[in-house]
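Below: the structure, in structure tokens.
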Amino acid sequence: MIHLYKTPVLCLVLLIAAGSLQARQPDDSESNPLERSGRNAVYVEMLGNAINLLSINYERSLQDNLHARIGFSYFGFSDELRYEDRGDDLFVDVFSIPASVSYTLFEGVRQLELGLGLTYVGFSFNGGPYDLGYEDVELGNRYRGLALTSIISYRVSVSDYLFRIGLYPYYMITIDSELTGFFHELDDRGAINLNDFLDLRGFQWMPGLSFGRSF
């Protein structure tokens, strides 16, 4: 499979200053065995802040209601792209690194979670050469972007288990995008516009579902 990323992955450093938090300190008699037992968690998320099909994430509770998270996501597949009775394989790679800080409201196992973050996103598709009858052509595109993300989710922490479902609005900023092969030739001729062909910029949103364990 053709891989997109030959340059170092953009390092994301997210710093949010939190105000003074008033924490309620329960005594031993008030401890609840159903509440989350550890400050670390590992979970799998479908869609969500990774802006990809699936991601693996690590979360650290900085305080009782303040959480920092970083994740990793990769998804690749190949398919056959046909032209009339001829065809060849098309390879697609999608890669992302989500990072965020969130704050949970309300006490107990069920909470409302709000947060902000950054996600580095990159993908490519490459295929060919395809026989068009009069010439062989290759098709391809490479894209890198940075998304300003947010979290609005319903979060449940029961004992060692973590469940979350929510909406993840984001604003995509394009770092660079390049057409290759036959697409590049069409772009040079003015037959297609690069931004119209692959326009991920602007405000969008993604649903999300995650499940994992704390320790």
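Read in order, the letters of the sequence shown are residues -23 to -1, 1 to 192 in mature numbering (1 follows the signal peptide of the UniProt record, and there is no 0).
Beta carbons are placed, not taken as given, at the ideal position from N, Cα and C, and that holds for glycine.
N- and C-terminal bounds of the beta strand (DSSP E) containing residue i
i: residue 18; result: 17 to 24
i: residue 181; result: 179 to 191
i: residue 34; result: 31 to 38
Classification of residue i by the beta-carbon crowding that lies within 10 angstroms, buried from 16 upward
i: residue 74; result: buried
i: residue 70; result: buried
i: residue 22; result: buried
i: residue 119; result: buried
i: residue 183; result: buried
i: residue 87; result: exposed
i: residue 84; result: exposed
i: residue 132; result: buried
i: residue 34; result: buried
Presumed contact (8 angstroms Cβ cut-off) between residue i and residue j, rounded CB distance
i: residue 122; j: residue 152; result: 6 angstroms
i: residue 94; j: residue 29; result: Actually they are not in contact, since the Cβ atoms of residue 94 and residue 29 sit about 14 angstroms apart, beyond 8 angstroms.
i: residue 188; j: residue 15; result: That pair is no contact at about 16 angstroms.
i: residue 31; j: residue 49; result: Rounded, the Cβ-Cβ distance is 10 angstroms, inconsistent with contact.
i: residue 67; j: residue 104; result: 4 angstroms
Query raised in the report: Taking contact to mean at least 3 C-beta pairs separated by less than 8 angstroms, is the segment 136 to 148 in contact with the segment 38 to 54?
Result: no
Report task. Return the chain-ordered ranges of every beta strand (DSSP E) run that is complete within the segment 48 to 101 and spans a minimum of 3 residues. Result -> Listed in chain order, the beta strand (DSSP E) elements of length 3 or more contained wholly in the segment 48 to 101 are 63 to 82.
Query - Touch test, the segment 81 to 95 against the segment 125 to 140, Cβ-Cβ under 8 angstroms, three pairs minimum - result: yes
Requested in this report: Write down every uninterrupted run of the beta strand (DSSP E) in the segment 113 to 146 whose length is 3 residues or greater and which is fully enclosed by it, in chain order.
Outcome: 113 to 135
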